[in-house]
Amino acid sequence: MLLISGFYVTLGALGYAHFGCASPSNLLLAMTHTSQRRRAAYIAMQMHISIAFAVFLNPFFVTVEKTLFPISAAKDDAADARDRDFAQIETPKVVPGLDDAQTSAEGAKYSETVRRYIFRTLIVASQCFLAMLTQSSFSDVADLAGASVMNFCSVTLPLMLYYKLFKAEMSKPHKILCWFVIVASILLGTYSTIQAIGRIFKNASKYTLFASTPPSKRTEYAYCPAGYTDRKAQWLDSFSLYY
């Protein structure tokens, strides 16, 4: 957890070191639009999203599939239990063919796999449809989801479970650090959630279904001193900031 936290703090510090008081909320959008580095960054982000999206949704898929296909789920659990108890003591004999029961089981398993593929494809397709439907508000909605759900699932909940499982083995400084991170993540997540909800209400009149956010130059820099935009106009014009 400290390693991951240090990684994110380093990224934030590097972003602030480069942009200063004009640091944007999205560094990808703030990169010079003519730079090859931006294309490389977008490719890397696409790879990250493709992998992380599948990993993050897999527990949801497994849980829902056990509800939708209870018979298959029971068979899978029983098979896993048998595999855990199995101990091979000699080389098994080669069976020349499959009997009808085995063939039927393989057919049922194939049918179940096809249904799972269809179910997962429909879920991902519906999410893509909703993303295209709410393009103009996607950034604000993503901020809300990241501040509330992702913060709780990625930081708060894992640490609380870790503390519950290993409380007896943890030293006092370790416990203090663990609870410090939990409390800090809850406070920061709550603050970010409130801010995201405020932006959604503020920009609700600008949202249009199936329409992307029209590009507009950023003109407000709330944390910069007076006259900053005039002194740094050429540098700021190289950004592709959309708000």
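Numbering follows our numbering, with no gaps: position 116 of the sequence shown is 222. Heads up, the beta-carbon is just placed ideally off N, CA and C, and yes, glycines get one too.
- When DSSP states are grouped into helix, strand and coil, R324 belongs to the coil group.
- Contact check for F316 and L236: beta-carbon distance about 11 Å, past the 8 Å limit, so the pair fails to qualify.
- Excluding residues up to 5 positions away in sequence, G121 and Y122 lie with their Cβ nearer than 6 Å to the Cβ of S129 in the same chain.
- Annotation for G112: the continuous alpha helix (DSSP H) segment containing it runs L108 to F125.
- Out of W341, S243 and A328, the CA that lies nearest to the CA of I303 is found in S243.
- The continuous alpha helix (DSSP H) containing K278 extends over residues K278 to N309.
- In this structure T262 does not touch S217 by the C-beta definition: roughly 40 Å separates them, more than the 8 Å allowed.
- Counting along the chain, the unbroken alpha helix (DSSP H) around L163 starts and ends at Q142 to L174.
- The beta strand (DSSP E) runs lying completely inside the stretch 221–266 and spanning 3 residues or more number zero.
- Within the same chain, Cβ atoms closer than 7 Å to the Cβ of R143 are found at M137, the five residues on either side in sequence being excluded.
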